[in-house]
Amino acid sequence: MQNTRRQRSWAFTERTERNTVSSKVFDTPDEAVADIGAGATLAVGGFGLCGIPDRLIEAIAESGAADLEVFSNNCGVDDHGLGILLSRGRIRRVTASYVGENKEFARQYLAGELEVELTPQGTLAERLRAGGTGVPAFYTPAGVGTPIADGGMPWRYAADGSVAIASPPKETRLFGDTRYVLESAITADFALVHARVGDTAGNLVFEKTAMNFNPLAAMAGRITIAQVEELVEPGTLDPGNVHLPGVFVQRVVHTGRQNKRIEKRTTSSPQEGTR
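The following block contains the structure:
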């Protein structure tokens with residue numbers, strides 16, 4: 005049933021893309037994500053709360069799409085970013101490198117409500133990049149000799165705390181004197197990214213560290229949707245400053261300046277006698 009829903013959603017998307025005029029610009033986030041349906045897979049950019057496509061995520065939350073599978077470095081915090089979808093029970097499975105400050109993420113995982121594949125951060129980045137370049141798999145030394153390669157990582161817990169689904173062992177191979185583990189590429193039905201500036205052809209420029217996983221996620225998506233703070237006409241951007249070419253981006257929506265959140269604020273009182 006899930007595969008059927010996904011095939012129908014993808015078929016609808018293909019028809020939509022073929023019938024769309026040359027402009028990639030959508031008026032609102034709601035319109036840009038309207039055909040993301042149940043069972044879709046999403047590659048989502050951002051790191052913590054830095055550079056996350058928050059407006060697109062909010063639009064998906066309002067659309068009612070559920071049973072989602074997400075590939076992202078983490079899931080934001082409880083009330084922002086992907087944490088919104090988590091709190092509403094819309095995500096079925098997450099592939100991420102860490103849980104972060106999201107208590108609901110941890111609770112759902114330990115309670116057996118959410119399937120989670122934890123993977124080394126560099127491996128996750130390369131799996132996304134490989135998916136975007138057409139490389140089906142690659143060998144890496146990261147994880148060799150650990151449950152990452154040997155299997156047994158808890159993907160889903162049962163209600164009684166036992167392991168319901170564990171990761172399978174992966175192929176390893178010796179190159180020279182070093183053993184490597186085979187990791188598969190990631191591709192997704194849709195990719196959601198945030199950029200500082202984009203043009204109507206989909207060329208994107210990211211803001212400093214907000215680049216993070218955004219270009220990699222964008223490459224891995226069959227349909228990539230970019231929310232941009234500033235939208236300009238083609239030819240405005242210096243080609244040498246473009247971080248992601250428009251060939252990877254199918255939809256662009258102008259959302260204005262992002263409301264930047266701090267994941268964890270830490271302050272201290274100044275000592276007496278100092279300014």
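My numbering applies: residue 5 is where the sequence shown begins, and numbers increase by one.
For every residue, glycine included, the Cβ atom is placed at its ideal position computed from N, Cα and C.
Small disclaimer: the values here were computed from a predicted structure and weren't measured.
For this session: Please report the residue range of the alpha helix (DSSP H) in which D154 lies.
Result: P151 to D154
Problem set entry | Unbroken beta strand (DSSP E) run spanning I169, endpoints | Looking at the DSSP string, the run of the beta strand (DSSP E) that includes I169 is V167 to A170.
For this session: Could you give the DSSP three-state label for Y102: helix, strand or coil?
Result: coil
For this session: Could you please give the first and the last residue of the uninterrupted alpha helix (DSSP H) stretch that includes I88?
Result: L86 to S91
Problem set entry | Three or more C-beta pairs below 8 Å linking the segment 248 to 256 and the segment 162 to 171 | no
Problem set entry | Own chain residues within Cβ distance below 6 Å of V25, not counting five before or after | Residue confidence for V25 is low, a pLDDT of 43 falling below 50, so the modelled location carries little weight; the figure read from the coordinates is stated next. If we look at V25 and ignore the five residues flanking it on each side, it has no Cβ neighbours.
Problem set entry | Touch test, the segment 34 to 48 against the segment 169 to 183, Cβ-Cβ under 8 Å, three pairs minimum | no
Exercise. If you drop the 5 nearest sequence neighbours on each side, which residues of the same chain put their C-beta closer than 7 Å to that of Q112?
Worked result: L90 and L118
Problem set entry | Identity of the residues DSSP links to D203 by a beta bridge | V236
Exercise. Which whole-angstrom value is the C-beta distance of T259 and E233, which I expect to be below 8 Å?
Worked result: That belief holds up - the Cβ atoms of T259 and E233 are roughly 7 Å apart, short of 8 Å.
Exercise. DSSP beta-bridge partners for P158?
Worked result: A170
Problem set entry | Outcome for D193 when other beta-carbon atoms lying within 10 angstroms are tallied against a minimum of 16 | The residue in question, D193, is buried, as its Cβ has 16 or more Cβ neighbours within 10 Å.
For this session: Between the Cα of A205 and those of L186, H84, G239 and G149, spot the shortest distance and give me the residue it belongs to.
Result: G239
Exercise. Based on the DSSP output, what are the partners of E187 in its beta bridges?
Worked result: Paired residues: F142.
Exercise. Mind checking whether G245 and V197 have CB atoms under 8 Å apart?
Worked result: Reading off the sequence, residue 245 comes out as Asn, not Gly. Pairing N245 with V197 gives a Cβ-Cβ distance that is not under 8 Å.
Exercise. To the nearest angstrom, how far is it from the Cα of T123 to the Cα of T99?
Worked result: 7 Å
For this session: Go to F109, then tell me how far its alpha helix (DSSP H) extends in each direction, as first and last residue.
Result: K107 to L114
Exercise. Would A129 pass as a contact of L72 if the rule is Cβ separation under 8 Å?
Worked result: no
Exercise. If you drop the 5 nearest sequence neighbours on each side, which residues of the same chain put their C-beta closer than 6 Å to that of D34?
Worked result: A63
Exercise. Mind checking L241: buried by the 16 CB within 10 Å criterion, or exposed?
Worked result: buried
For this session: Report the residue from T213, N207, K212 and P243 whose alpha carbon sits nearest the alpha carbon of Q231.
Result: Residue N207 is the option with its Cα nearest to Q231.
Problem set entry | Cβ-based neighbour list, T182, same chain, cut-off 7 Å, excluding 5 preceding and 5 following | P145
Exercise. Under a three-way DSSP split, which group does D39 fall into?
Worked result: coil
Problem set entry | DSSP state of I95 mapped onto helix, strand, coil | strand
For this session: Could you spell out the range, first to last residue, of the beta strand (DSSP E) harbouring A47?
Result: DSSP places A47 inside the beta strand (DSSP E), whose first and last residues are T45 to V48.
Exercise. Helix, strand or coil: how does DSSP classify I229 here?
Worked result: strand
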